[in-house]
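>
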Amino acid sequence: MVGSKKAAGTRPTDSKNSRREWRVSILVFTAKIVYILTGIRLILPSAMEDLLEIEPPIGFPTWELSLAAVLTCAIVLVTRSREDQEVLRSDRHLLGCILVFYLPFTTGGAALGGMVALWPGVAASVLGLLTIWSLSRRERALVR
Numbered sequence: 003m004v005g006s007k008k009a010a011g012t013r014p015t016d017s018k019n020s021r022r023e024w025r026v027s028i029l030v031f032t033a034k035i036v037y038i039l040t041g042i043r044l045i046l047p048s049a050m051e052d053l054l055e056i057e058p059p060i061g062f063p064t065w066e067l068s069l070a071a072v073l074t075c076a077i078v079l080v081t082r083s084r085e086d087q088e089v090l091r092s093d094r095h096l097l098g099c100i101l102v103f104y105l106p107f108t109t110g111g112a113a114l115g116g117m118v119a120l121w122p123g124v125a126a127s128v129l130g131l132l133t134i135w136s137l138s139r140r141e142r143a144l145v146r
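Going from the sequence shown to my numbering is simple: count from 1 and add 2.
(1) What distance in whole Å lies between the Cβ atoms of A125 and G73, which are believed to be in contact at a cut-off of 8 Å?
(2) For I38 and D93, I'd like the C-alpha separation in whole angstroms.
(3) Under a Cβ-count criterion, where at least 16 other Cβ atoms within 10 Å of its own Cβ denotes burial, should L148 be classed as buried or exposed?
(4) State the start and end residues of the unbroken alpha helix (DSSP H) segment that holds V102.
(5) Verify whether the separation of the beta carbon atoms of L29 and I77 is less than 8 Å.
(6) Decide if V102 is buried, meaning its Cβ has at least 16 other Cβ atoms within 10 Å, or exposed.
(7) When burial is assigned at 16 or more other CB atoms within 10 Å of the CB, is C75 buried or exposed?
(8) Return the CA-CA distance between L97 and S136, expressed in angstroms with no decimal places.
(9) In chain order, what residues of the same chain have a beta carbon less than 8 Å from the beta carbon of S138, not counting five sequence neighbours either side?
(10) CB-CB under 7 Å to C66, same chain, minus the five flanking residues each way: which ones, in chain order?
(11) For M117, count the other beta carbons within 10 Å of its own beta carbon; 16 or more makes it buried, fewer makes it exposed. Which is it?
(12) Three-state secondary structure (DSSP) at G123?
(13) So, helix, strand or coil for G41, using DSSP?
See the structure below:
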């Protein structure tokens, strides 16, 4: 068969792979930036109070943690295809660590602080961690 049509089950072309790698890299980079900004946002109020001895103009984060956890979970869920997982393999552990970072803060704020806006962050953190665990388990089963 001559032409640009490919048979079913063949691997995508290099241009599709490079676009896929670029897309996944942008998503992971976005998660890293949001993680850094969330860390700064967590430290800022207490640092202003302790170091500068002034009343911070902003309080501890509430909905920002939920948004960050939902974003990271969405990245994990969007990249569930086998090709995306090959690209994401090295960053899957990092995304899991980010979700593990968000989980205690969102759970503590939601359960102990009574902040209802943090419950979506708890659900997203748990869902993202379960998805990463499931994908890793499926990958190990395929290797065997």
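Quick reminder that beta carbons are idealized off the backbone N, C-alpha and C, glycines included.
According to the data block:
(1) The residue labelled residue 73 in the question sits at position 71 within the sequence shown. The residue labelled residue 125 in the question sits at position 123 within the sequence shown. The sequence shown places Leu at residue 73, not Gly. 13 Å between Cβ atoms; not a contact.
(2) Taking the sequence shown and counting its residues from 1, the one referred to as residue 38 is at position 36. Taking the sequence shown and counting its residues from 1, the one referred to as residue 93 is at position 91. Approximately 16 Å, taken between the alpha carbons.
(3) Outside the displayed span of the chain (3 to 146) sits residue 148, for which this structure offers no information.
(4) One-based indexing of the sequence shown puts residue 102 at position 100. Element bounds for V102: R84 to A113.
(5) Position 27 of the sequence shown holds residue 29. Position 75 of the sequence shown holds residue 77. It is a contact, given that the beta carbons lie within the stated cut-off.
(6) What you label residue 102 is simply residue 100 of the sequence shown in a count that begins at 1. Result: exposed.
(7) As a working note, residue 75 is residue 73 in the sequence shown. It counts as buried.
(8) As a first step, residue 97 is located in the sequence shown; it is residue number 95 there, counting from the start. As a first step, residue 136 is located in the sequence shown; it is residue number 134 there, counting from the start. Approximately 14 Å between the Cα atoms of the pair.
(9) Locating residue 138 in the sequence shown gives position 136, counting from the first residue. Counting only Cβ-Cβ distances below 8 Å, and skipping sequence neighbours, we find R94.
(10) Translated into positions along the sequence shown, residue 66 becomes position 64. One point to set straight first is that residue 66 is Glu, not Cys, in the sequence displayed. T40 and R43.
(11) Against the sequence shown, residue 117 aligns to sequence position 115. Answer is buried; the Cβ neighbour count reaches 16.
(12) Translated into the one-based positions of the sequence shown, residue 123 becomes position 121. Correct three-state label for G123: helix.
(13) As a first step, residue 41 is located in the sequence shown; it is residue number 39 there, counting from the start. The answer is helix: DSSP assigns G41 an H, G or I state.
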